[in-house]
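Participant: In the UniProt record's numbering, the protein residues as written are 1 to 131. The beta carbon of each residue, even a glycine, is placed where N, CA and C say it ideally should be. Every value quoted in this text rests on a predicted model; they were computed, and no experiment measured them. First the structure, which I've put down as structure tokens, then a few questions once you've had a look.
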Amino acid sequence: MQNQDSLDPAVAARLKRDEQGLVAAIVQQHDSGEVLMLGWMDDEALGRTLTTGRVTFWSRSRGEYWRKGDTSGHRQYVRSVALDCDGDALLVRVDQVGAACHTGTRTCFEAGGELDAVVGHRPDETAEETR
1 MQNQDSLDPA VAARLKRDEQ GLVAAIVQQH DSGEVLMLGW MDDEALGRTL
51 TTGRVTFWSR SRGEYWRKGD TSGHRQYVRS VALDCDGDAL LVRVDQVGAA
101 CHTGTRTCFE AGGELDAVVG HRPDETAEET R
């Protein structure tokens, strides 16, 4: 008999996992589109996420499951989960309560900061149309 948290075999068959059996999970605030963090899920973590309404990850450093907010109170409530076209990444849209980052910031991308990058510009579409 299948555990209620176990992943549906049809979904599991669509996943392209890394060497450690993990899939990247991008977490996004459902209403603003703000990218909050990146975590890792194996089949069980994804199964728990899909069946409990709370986001569960696999901690690569601690080698254990962790449900966001159980110790910090900064919970993530699932609004939707999508699989990308290649099956190697998940987009988890959540209602984030408090900080998403373990540093205490709203997103994990605040502490790392912006990197210098050349800003690209697409060609002026009106100029293209006149050629």
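Measuring alpha carbon to alpha carbon, tell me which residue in 101, 85, 84 and 78 is nearest residue 93.
Facilitator: In the sequence shown, the residue the question calls residue 93 occupies position 93. Considering only alpha carbons, the answer is 78.
Participant: CB-CB under 6 Å to residue 124, same chain, minus the five flanking residues each way: which ones, in chain order?
Facilitator: Position 124 of the sequence shown holds residue 124. Setting aside the 5 residues that flank it on each side, residue 124 has no residue in the same chain whose C-beta is closer than 6 Å to its C-beta.
Participant: Ignoring anything shorter than 4 residues or poking outside the stretch 36-119, list the alpha helix (DSSP H) runs there in chain order.
Facilitator: If one requires a minimum length of 4 residues, the alpha helix (DSSP H) runs lying completely within the stretch 36-119 are 43-52 and 108-112, in chain order.
Participant: Using the DSSP secondary-structure output, state which residues sit across from residue 11 in a beta bridge.
Facilitator: Position 11 of the sequence shown, counted from the first residue, corresponds to residue 11. According to DSSP, which records beta bridges pairwise, residue 11 is partnered with nothing at all.
Participant: Between residue 98 and the rest of its own chain, which residues show a CB-CB distance below 8 Å, the 5 nearest in sequence each way excluded?
Facilitator: Numbered from 1 along the sequence shown, position 98 holds the residue referred to as residue 98. Apart from the 5 residues on each side of it in sequence, residue 98 sits with its Cβ closer than 8 Å to the Cβ of 69, 72, 73, 74 and 75 in its chain, given in chain order.
Participant: Just to confirm, are residue 55 and residue 23 a CB contact at a threshold of 8 Å?
Facilitator: Against the sequence shown, residue 55 aligns to sequence position 55. Against the sequence shown, residue 23 aligns to sequence position 23. Result no, Cβ atoms of residue 55 and residue 23 do not sit closer than 8 Å.
Participant: With DSSP as the reference, identify every bridge partner of residue 28, one or two as the case may be.
Facilitator: Along the sequence shown, read from residue 1 onward, the residue named residue 28 stands at position 28. Residue pairing of residue 28 in beta bridges, as defined by DSSP: 35 and 93.
Participant: Give me, in chain order, the residues of the same chain whose beta-carbon lies closer than 7 Å to that of residue 21; leave out the 5 immediate sequence neighbours on both sides.
Facilitator: Numbered from its first residue, the sequence shown carries residue 21 at position 21. Excluding sequence neighbours, residue 21 sits near 42.
Participant: For residue 14, does the count of other Cβ atoms within 10 angstroms reach 16, so buried, or fall short, so exposed?
Facilitator: Stepping through the sequence shown from its first residue, residue 14 is reached at position 14. Around the beta carbon of residue 14, a 10 Å sphere encloses fewer than 16 other beta carbons of the protein chains shown; the residue is thus reported as exposed.
Participant: Which same chain residues, not among the five before or five after residue 88, have their C-beta less than 6 Å away from its C-beta?
Facilitator: Looking up residue 88 in the sequence shown gives position 88. These residues qualify, in order along the chain: 16.
Participant: Taking the CB atoms as reference points, tell me whether residue 85 and residue 36 lie closer together than 8 Å.
Facilitator: Taking the sequence shown and counting its residues from 1, the one referred to as residue 85 is at position 85. Taking the sequence shown and counting its residues from 1, the one referred to as residue 36 is at position 36. Taking 8 Å as the Cβ cut-off, residue 85 and residue 36 do not qualify as a contacting pair.
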